[in-house]
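In my numbering, the protein residues as written are 5 to 307. We put the CB at the ideal spot given by N, CA and C, even for glycine.
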Amino acid sequence: MTTAFARHKLTFVVHPAAPATQPLSEVWKAITPAAVLALDEFSDADAAAMQAAGVRVIVAMHASARKRWREITTPEHPLGAAQARHLARTHERLGYAYPDDERVGVFADPRLEGVREVCAELGLPAPDVRTVPLDPAAAAEAVQGWLAADPPVTGICAFNDEIAMAVLAGAARLGRNCPRDLAVVGVDDVPGAAVAQPPLTTVVRDFDVDAEHYARNIMAALKGERLPAGAVDDGVRLKIRLNLRPAHAERSPMWTGAAGCGAARSPTRDPRPAPPPAPRCRRSARGTGGRTRAARRRPCRRG
């Protein structure tokens, strides 16, 4: 964000909105910003204070349904949708690992909505949503709940990579194997995702594209120009590693039935015809005139 705004000759200043920090109204008076962005929508009191301090543009990056202020949308639900589409290729019931930090609910809720939309589109049950703390024992409880469901939940869309790795830790604590028993997809591709056990498949977004989108929209607002309609195409992509089980189509015809976490596989008869019996060992010798005559039968010796 700092680099993107600098290209437009603007300085990007970050102020955390926490009880222990300086009141927002004092910040507006001290620096008189040209524009203010926030993760969520503003209260009426904050908005009035900003306008009184001379702030020309107020932007809520993740506003609720009320949307009282100018909004520049940050697309979050495509992240959840990408997770669900990937898992739905090989899993019939999905779960969502929700964070236990209410401060990130503004990100988690639209991602979860993306998962729900894909499940509805593909005719799958609604995702089984469980809160997963960053604690192996607590995560194991969530994993146990997914596996005990009927039918079991075998594909997990996690809020981010940290929550995904907590799910992996919970599964390991229960003696479960990932991806054989449970497949997990995270978001963000943090450095630890590559060395997780197993390496974590994750959804990646281009933050440079997002930052430039915000900078251009703020500049357009400051100039009184119309903001582009719709959300930014942020280049969401999957970084696939090794934590998904093989697709249904790739399973051996020798097995049928459920292949989810902890589900028993029942052997069935192979429908393929049995191979013909091996021919008896015979030797032949070629005589004169190109004729072939059977040699005297001898014990067949195989080297």
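- Selection from R245, A42, A173 and Y218 that minimises the alpha carbon distance to L138: Position 134 of the sequence shown, counted from the start, is the residue given in the question as residue 138. With distances taken between Cα atoms, L138 lies closest to A173.
Requested in this report: Could you check how far apart the C-beta atoms of H81 and E117 are, in whole angstroms? I think they sit under 8 Å.
Outcome: Here residue 81 corresponds to residue number 77 of the sequence shown, with the count starting at 1. Here residue 117 corresponds to residue number 113 of the sequence shown, with the count starting at 1. Contact holds; Cβ gap of about 5 Å.
* Asked: Which ranges would you report for the alpha helix (DSSP H) in the segment 81-150 if only whole runs of at least 4 residues count?
  -> If only uninterrupted alpha helix (DSSP H) runs of at least 4 residues are considered, those enclosed by the segment 81-150 are 81-92 and 109-126.
- If P129 sits next to R97, beta carbons under 8 Å apart, how far is it from one beta carbon to the other, in whole angstroms? As a first step, residue 129 is located in the sequence shown; it is residue number 125 there, counting from the start. As a first step, residue 97 is located in the sequence shown; it is residue number 93 there, counting from the start. Contact between P129 and R97 holds: their C-beta atoms lie close to 6 Å from each other, under 8 Å.
Check: How close, in whole Å, do the beta carbons of V213 and G239 come, if the pair is a contact with beta carbons under 8 Å?
Finding: Here residue 213 is taken as the residue at index 209 of the sequence shown, counted from 1. Here residue 239 is taken as the residue at index 235 of the sequence shown, counted from 1. Between V213 and G239 a beta carbon distance of about 6 Å is seen, short of the 8 Å cut, so the two are scored as contacting.
The alpha helix (DSSP H) spanning A53 covers which residue range? What you label residue 53 is simply residue 49 of the sequence shown in a count that begins at 1. D48 to A56 is the extent of the alpha helix (DSSP H) around A53.
Handout entry: Length-filtered (3 minimum) beta strand (DSSP E) runs lying within the segment 151-228
Key = Here the runs fully enclosed are 159-162, 187-191 and 205-208.
Identify, in the order they occur along the chain, each residue of the same chain with its Cβ nearer than 7 Å to the Cβ of Q148, setting aside the five sequence neighbours on each side. Counted from its first residue, the sequence shown places residue 148 at position 144. Contacts found: L178.
Fill in: Beta-carbon spacing of M223, G196 below 8 Å
Start at 1 with the first residue of the sequence shown, and residue 223 comes out as number 219. Start at 1 with the first residue of the sequence shown, and residue 196 comes out as number 192. No, these two residues do not count as a Cβ contact at 8 Å.
From what residue to what residue does the beta strand (DSSP E) around A10 run? Within the sequence shown, residue 10 is the residue found at index 6, counting from 1. Run containing A10: none in the beta strand (DSSP E); it sits in the alpha helix (DSSP H), T6 to A10.
Quiz item: Do the CB positions of A101 and R60 come within less than 8 Å of each other?
Solution: Within the sequence shown, numbered from 1, the residue matching residue 101 stands at position 97. Within the sequence shown, numbered from 1, the residue matching residue 60 stands at position 56. In this structure, R60 does not lie closer than 8 Å to A101 by Cβ.
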